[in-house]
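One structure is given below, encoded as structure tokens.
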Amino acid sequence: MEEFVIGVDVDDVLASFTADALRRLSEHTEGRHHFTVQDVSTWDPFDSLPQEMLSYRMLIYDAMKAEGACFALPVEPGAREGIELLRSLGHVMAVTHPFKGAKTWTHERELWLEKHFGMHRDDIYNCKKKYRVHVDVFVDDKVANVEEWRAFHNSPAGVLWATPMNRSTRGALPLMTDWKKLADFVREVKQRGR
Ligand SMILES: [Mg+2]
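Position one of the sequence shown corresponds to residue 1 (the numbering used here), numbered consecutively onward.
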């Protein structure tokens, strides 16, 4: 029997990328510029912040591209239990776009996914063109990735993971606000077919 595969994005679904960028901004400015993910309504957090924060963008991103930074990313609350729940329904694979120009990112992400989620490196798709990934359900917090996947596969099984960052650009995409809702969606797709 063919395996049912669930493809899950990593940054801002499993790993707290945006929160970590904001933490670094706050630390770098000694608490003078403190923001939370609720202050961000764009995929790139710096597009939501006051314009004077743009001068910190490269510095923060360079720090996040440095050796050790990817491996140190916090796990999103509830993500471990969420992945366990999905594993009761199918085979979970990570679908992730490595941070461009970060020499150690991909290797550290493999180690991170193994450490926190027990994921084998064979179960990780590293790619930018996520729409090319053949899975039965595709979950991502980036609107464009979900739209492209749905269009390419002519399938409604691509869904958006709800984050504060995508709240203004969601359109009519099916929105997954928690892991239970995603698990229910996966069950539906298993029943009716992709
Ligand atoms: Mg993401």
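Glycine included, each C-beta is placed from N, C-alpha and C at the ideal position.
What is the DSSP secondary structure of residue i, counted as helix, strand or coil?
i	result
ASP44	coil
ASN166	helix
ASP12	coil
LEU111	helix
MET176	strand
THR36	coil
VAL133	coil
LEU49	coil
THR18	helix
GLU84	helix
GLU30	coil
Looking at the strands, I want to know which residues DSSP matches up with residue i.
i	result
TRP105	Bridge partners of TRP105: none, in fact.
GLY90	Paired residue(s): none; GLY90 is not in a bridge.
LEU73	BP columns for LEU73 are empty, so no partner.
GLY158	PHE138
Can we count residue i as close to ligand 1, meaning its CB is less than 7 Å from some heavy atom?
i	result
LYS128	no
ASP123	no
VAL13	yes
LYS100	no
ASP9	yes
ASP20	no
ASP44	no
ASP141	yes
Would you give the residue range spanned by the beta strand (DSSP E) that residue i belongs to?
i	result
PHE4	Neither: PHE4 is in no beta strand (DSSP E) and is coded neither H nor E.
TYR125	124 to 126
PHE99	It is not in any beta strand (DSSP E) - PHE99 carries neither H nor E in the DSSP assignment.
Evaluate residue i with the Cβ neighbour count: other Cβ atoms within 10 Å of its Cβ, from every protein chain shown; 16 or more gives buried, anything less gives exposed.
i	result
ARG150	buried
ASP178	exposed
LYS130	buried
PRO74	exposed
ASN154	exposed
GLU76	buried
LYS251	As displayed, the chain neither begins before 1 nor continues past 194, which places residue 251 out of reach and without an answer.
GLY7	buried
LEU25	buried
ARG187	exposed
ASP39	exposed
PRO45	buried
What residue range is occupied by the uninterrupted alpha helix (DSSP H) comprising residue i?
i	result
LEU59	57 to 65
ASP184	179 to 192
ARG121	That residue, ARG121, is in no alpha helix (DSSP H); it is neither H nor E in DSSP.
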